[in-house]
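Have a look at the structure below before the remarks.
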Amino acid sequence: MLLIRPLQENDLEALYAMAQGAGKGLTTLPADRELLQKKINHTRETFNQRCAPEAGLYLFALEDTELGQCVGISGIQARVGLDEVFYNYRLSVTVNASRELGVHVRTPTLHLSNDMTDTTEICSLLLSASHRGGGTGLLLSRCRFMYLDDFRKHFSEKVFAEMRGVSDGNGQSPLWDALGSKFFDMEFSEADMLSGLGNKSFIAELMPKYPIYLPMLPDAARAVIGRVHENTAPALNMLQAEGFNFNGMVDIFDGGPVVEAFIHNIRTVREGINRHVMIRKKPLDMKVPAEDQVMISNRSFRDFRITTIPAECIGLDTVSIPAEVAEALEVESGDRVRLAPLKDTGKR
Amino acid sequence: MLLIRPLQENDLEALYAMAQGAGKGLTTLPADRELLQKKINHTRETFNQRCAPEAGLYLFALEDTELGQCVGISGIQARVGLDEVFYNYRLSVTVNASRELGVHVRTPTLHLSNDMTDTTEICSLLLSASHRGGGTGLLLSRCRFMYLDDFRKHFSEKVFAEMRGVSDGNGQSPLWDALGSKFFDMEFSEADMLSGLGNKSFIAELMPKYPIYLPMLPDAARAVIGRVHENTAPALNMLQAEGFNFNGMVDIFDGGPVVEAFIHNIRTVREGINRHVMIRKKPLDMKVPAEDQVMISNRSFRDFRITTIPAECIGLDTVSIPAEVAEALEVESGDRVRLAPLKDTGKR
Amino acid sequence: MWLVRPAQPGDLKDILDIAGGQGPRMSSTLPKKEEALSRKIEQSARSFAGQNGPDESERFLFVLEDIGTGTVHGVSGIDARAGNGQPFYNYRKDALIHASHELGVSRRVEVLYPSHALTDNTLLCSFTIKPELRRTDAFELLSRARMLFIAAHRHLFTDQTVVEIQGVQTENGEVPFWDSLGRHFFNMDFETADQYSGMLSKTFIAELMPPNPIYVTLLSQAAREALGQPHEQTRATFELLQHEGFHSGCYLDIFDAGPVLEARTDALKSVVTSHPKTLHAANTDDGEMCLISGGEGESFRCTLTPLTESLGDEIKVPLKTWECLGRSSGDDVRITPL
Amino acid sequence: MWLVRPAQPGDLKDILDIAGGQGPRMSSTLPKKEEALSRKIEQSARSFAGQNGPDESERFLFVLEDIGTGTVHGVSGIDARAGNGQPFYNYRKDALIHASHELGVSRRVEVLYPSHALTDNTLLCSFTIKPELRRTDAFELLSRARMLFIAAHRHLFTDQTVVEIQGVQTENGEVPFWDSLGRHFFNMDFETADQYSGMLSKTFIAELMPPNPIYVTLLSQAAREALGQPHEQTRATFELLQHEGFHSGCYLDIFDAGPVLEARTDALKSVVTSHPKTLHAANTDDGEMCLISGGEGESFRCTLTPLTESLGDEIKVPLKTWECLGRSSGDDVRITPL
């Protein structure tokens, strides 16, 4: 069984192995045991409500219960920009026009912005290569929306995700080459890493503060602004299907887009339904296609659990689940659970 | 009967009388016959498809068929900022933080923006005092959403409305007093009028180009940024009920908010249904409360007509309407019409 | 013999001929269109006569006449107030230091700020001369006669005098700075923008110029190299003005990034050295060649003369110089060495 | 008798006493904390000895000693490079002309631009003297001794010298410019910010200062009136520096908007007038009072002396002046009139 649960102390080695496998792209989960341990500690404090809800970091592990091991991770940062300054470029337009001369020119312009400050971010998605496919990625990503839905008061009205921007095989980013590198005396990977570690004062010190007029950048750089890395395209598609839209913000280093949605507009949230648990005796074929699976959550803040079950389990007021699923979810007969389709049903 | 139809040549005098009665607040419809005539001409060209759809100005008249006179007006500008430059302030946040000193300061900041350029605006709503109440204002406003829905390709994906900002009884605006007046050598009313007439090069010439940090403005000015004039509060409520949200843009002169919505998310659009016309013989009580009325449109680009009928007329596939309504809508038995509730049904 | 005198309506055709033979840059202060030029000569005549309209600033236009043939071979001008009541646009080149203490890096970031700081300074402008006269004394006469005019009418001018020098342009007419910056915003070629700048009010610049500062590092390399560099054809002018005491500061032309030279008016060499002297006759044509000027307003004249003798406040120059200046014995004149 | 000499570790307590008795503004270049001050004296000692670290810039600290009692009554300093390797922050006051041709309006809009343009210029700093010595010759000695040091070690300093003058502060300690601008961004009172500025790296300024230019018209009236105005207690310093050839330009302090004075180093009065002379003995104590300095680096001394006789490159001063300077007959000294 694949089970979503809060990240735990003993996930460190599995996490480290995954971070190592992910390469340099994932700056929020660097392959550094000390840093990963800090993230685990922060997560434990969050779920145990020993830190302010706004300061929370909610990391979820995907556990393969047969292996007894964490094979994926995804997260929610309750608010960005509280400790440090959170930067984006806002892709804006400057219009200059002279009626006298009949000239009307629109100039795309990047404005340094801190406007995402105080907003909830979904982040840190990482799945072992061994477990990709069959809807597992969907579960790992969408479990967060069920959590956001149930505990809305801890999060902002809108949530966003930063999508990785375009870079080539050597990790060179066209936008960085044309813009960042002119101001930062370092490599893209170094800047990206420093920023990922939360050390952002160097951005305040070195970043250009005035707007950047895009026509002054080379074509290669302009072309990647608001575009995602090809490896990230599936993640973007998934979020768009959930109702996320590009909000005009891009990453200051690689130009990757920021997508956002109101929590109440997210598909998983809109299509969620509540049912009472009934433990079924009837045998059930758990191996159904992703289209026919639904996510089921126990709605617990501290001991949040999600797994998937066949949609056929859903009744009018109840959902009938096998005993081992109930056990995994730590629910009993009569408890209220929440359900949402795993895959986009096409209804919007 | 109250009927929505495109503005016509012979509406000039009625329009002029309404503009006179409206006072100085409505800068897009000044009490100036020459200018109003231009607006009518532009509208006629638009409905007769003699101008590019993007350049279109769609003004609708509310006709009291018993009086045979136009008693209200509302409009859609297909795209703003094509002829002239369209300015707003974007209300943004600047975050400055020093971890070393434990200081973290958020400074609300106004950035001069042209980002609404090329977007569809709903505008120019004006209703004779004699006809206010009983859902007439709703009809006059919401008829536009039915038009936008049917002819989406002529409009942008998003539409917006600029809401009048706060000013006192003498037309003095606290934001103008604190900001605009420091840069423009004129009265608020004059600047507002010049801007309304489409003469915006003075803005390019006189407007401050660098961001304005709000803490430097007096309390009275800060307090009105993003706030609407009390007379405009009902209009704002109506738009919010339709799904419009504040988008972070405010008027450069009075700080009034801009609200926007995706057309496909507008309530009237979402709740619209199609039916075939059936002419009913049975008598019908047309005088039902606004809650029980639905808007009915003939879906014609050139000769668009909308009126309201009791919701009880709606059948499974048809809508049965009295002959005089069919006549007013210029539809016959079997024609397809579109219907949407006049008032918010509370379903979202 | 060369004479510099106020431009007159009758000079129109000669000036048009000269302006037409020049590169595009000149057009920004000297229109090539007959009507615009004619208006400019009229305004100059009013300025020399002290009959400006209440909101009209003084703009003086001088011509270089060959008194043998009566034809005009060059033009030069002074705007008493740069911008003539409108903003006078420049870029101001400044630098910010972007430094991170923690990372131990420090970088000098050059920024071009839109600036109107030179607005209302006295501006030397419209200098145009037939190519064959470059590097002759007539060239110096035409340029420096303006400084003598300023010396004789000091109250009309401001404490600071500036002059724009044409910037870098390639042989096929491309302006690297324009191509890297202005073109994107004005959506026209350099020559067109330059002509509008001479003909129209500056409203179009306020409307079209990018409103925010520009990072130099984002300009093309050719544009960066052109910052503050004079066009090679302006070398003679550039050197003559440096000799007068002008120096290039941090201001650049917004279209081609040519340097804007600045000087304290009272420190201009011609102004410092040209104390008024009383005119007397010389018997010979011998002596050091000097610039000499006399007359006020519309009767201002300036020419080249041998200075036979200079004793205290009196000078002796040949009679033909008197005639050329339209002055007679005992009159006040100003004289300064070439 | 008053002597100006390099600060030494033993001066620490005296300097702390003086610094503690001053208003907050002084702290920005002269720390009030013992440890910070001690480090500063050590760096100064290395600078005088020519033993700076590779990335360490020269910072000189002088003291005014009463040689009768051996106590220190004042401090002054020179930073060879303003910012000491980090950006040196100022506001640059400039103006834009907002004009509409069509509407016939024109308005001068003043803007404060964040600027680092004075970074790396030589900076006079840390001037602090016991209040009872203001307006005495000792005051002038302590300030101008630095110019004589610069004259004698010209190669260590840049062509431009600047000095920050304390800006307007009310009697109850309020700084109108800070209250109208900086306070909103730094979220601390003026005194705290000013102390951090002296103690910490400038990173916090990069982090907290508003990144965009500031419109003067949006400042409070009191703040606008304070722009470029010296604190009334600095009047004596201000006048003395103006007399030296410093003038206020367009640069302002980012915290209190006090003026930043600028001068060409080679045009400083003390530098211009203090040619080296050979020292000889005088028999009397008569003569015009002058500043006299001798010695290099850590043996630099400067005092006041009657100048009995000055003949060509030789001067005669009383023997007690020799002793005070630690110089003897035939040595080179510099002398400049009070």
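Residue numbers (the working numbering), protein chains in the order written: chain A, 1 to 348; chain B, 349 to 696; chain C, 697 to 1034; chain D, 1035 to 1372.
The beta carbon of each residue, even a glycine, is placed where N, CA and C say it ideally should be.
Query, Result
"Any beta-carbon of chain A closer than 8 Å to the one on C/S893?", "no"
"Please state whether DSSP places D/C1324 in a helix, a strand or coil.", "strand"
"Using a Cβ cut-off of 8 Å (strictly closer), state whether C/T815 contacts chain B.", "no"
"Which bits of chain C does A/M216 rub up against, with CB to CB less than 9 Å?", "S876, L877, H880, I910, Y911, L914, L915, S916"
"Would you kindly work out how many angstroms separate the C-alpha atoms of A/E162 and A/A235, rounded to a whole number?", "11 Å"
"What are the boundary residues of the alpha helix (DSSP H) that includes D/M1233?", "1224-1233"
"Would you call A/K287 buried or exposed, if buried means 16 or more other Cβ atoms sit within 10 Å of its Cβ?", "exposed"
"When you compare the CB of D/P1210 with every CB in chain A, is at least one pair closer than 8 Å?", "no"
"At the 8 Å Cβ level, is C/N748 part of the contact set with chain A, yes or no?", "no"
"Using the beta-carbon of each residue, which ones in chain D are nearer than 7 Å to C/Y809?", "Y1147"
"Examine the Cβ distances between the region 1323-1340 of chain D and the region 1181-1189 of chain D and report whether three or more of them are shorter than 8 Å.", "yes"
"With a Cβ-Cβ cutoff of 8 Å, do B/E432 and B/K557 count as a contact?", "no"
"Identify, in the order they occur along the chain, each residue of the same chain with its Cβ nearer than 6 Å to the Cβ of B/A568, setting aside the five sequence neighbours on each side.", "P522"
"Roughly how many angstroms lie between the CA atoms of A/I122 and A/A52, to the nearest whole one?", "18 Å"
"Would you kindly check if the distance between the Cβ of A/L57 and the Cβ of A/I73 is under 8 Å?", "no"
"Going by DSSP, what residue range makes up the beta strand (DSSP E) through A/N274?", "273-279"
"Going by other Cβ atoms of all chains shown within 10 Å of its Cβ, with 16 needed for buried, is A/N170 buried or exposed?", "exposed"
"Return yes when the Cβ of D/F1161 is within less than 8 Å of the Cβ of D/S983, no when it is not.", "What the structure shows of chain D is the stretch from 1035 to 1372, and residue 983 of chain D is not part of that stretch, so it cannot be assessed."
"Give the DSSP-derived three-state secondary structure of A/N265 in the structure shown.", "helix"
"Is it true that the CB of A/S124 sits closer than 8 Å to the CB of A/L29?", "yes"
"Would you tell me roughly how many angstroms separate the C-alpha atoms of D/V1143 and A/L15, rounded to the nearest one?", "58 Å"
"Using a 10 Å radius around the Cβ and a threshold of 16 neighbouring Cβ atoms, would you call D/V1038 buried or exposed?", "buried"
"Can you check which of these residues, B/V514, B/K506, B/E678, B/L350, is closest to B/N579 by C-alpha distance?", "B/V514"
"Anything in chain B within Cβ reach of C/P907, meaning under 7 Å, just list it in chain order.", "K557"
"Between the C-alpha atoms of B/P354 and B/F508, what's the straight-line distance to the nearest angstrom?", "21 Å"
"Under a CB-based cut-off of 8 Å, is D/N1124 close to chain B?", "no"
"Using alpha carbons as the reference points, say which of B/I669, B/S648, B/R653, B/V667 lies closest to B/Q397.", "B/S648"
"Tell me whether D/K1350 sits in a helix, a strand or coil according to DSSP, three-state version.", "strand"
"Distance cutoff 8 Å, beta carbons only. Does D/L1227 sit that close to anything in chain A?", "Leu is not the amino acid found at residue 1227 of chain D; the sequence shown has Ala there. Answer no: the Cβ-Cβ gap between D/A1227 and chain A never drops below 8 Å."
"Looking only at its chain, what residues have a beta carbon closer than 8 Å to the beta carbon of A/E330, apart from the 5 residues adjacent to it on each side?", "N298, S300, D303, R305"
"I need the boundaries of the beta strand (DSSP E) containing B/I669, first residue and last residue.", "666-669"
"Quick check on this structure: which residue in C/C998, C/T999, C/I1031 has the alpha carbon closest to the alpha carbon of C/I1011?", "C/I1031"
"Taking only beta-carbon positions, decide if B/F536 is within less than 8 Å of chain D.", "no"
"Helix, strand or coil for B/C661 per DSSP?", "helix"
"Would a check of beta-carbon distances place D/S1099 closer than 8 Å to chain A?", "It should be pointed out that residue 1099 of chain D corresponds to Glu in this sequence rather than to Ser. No, its Cβ sits nowhere closer than 8 Å to a Cβ of chain A."
"Helix, strand or coil for C/C998 per DSSP?", "strand"
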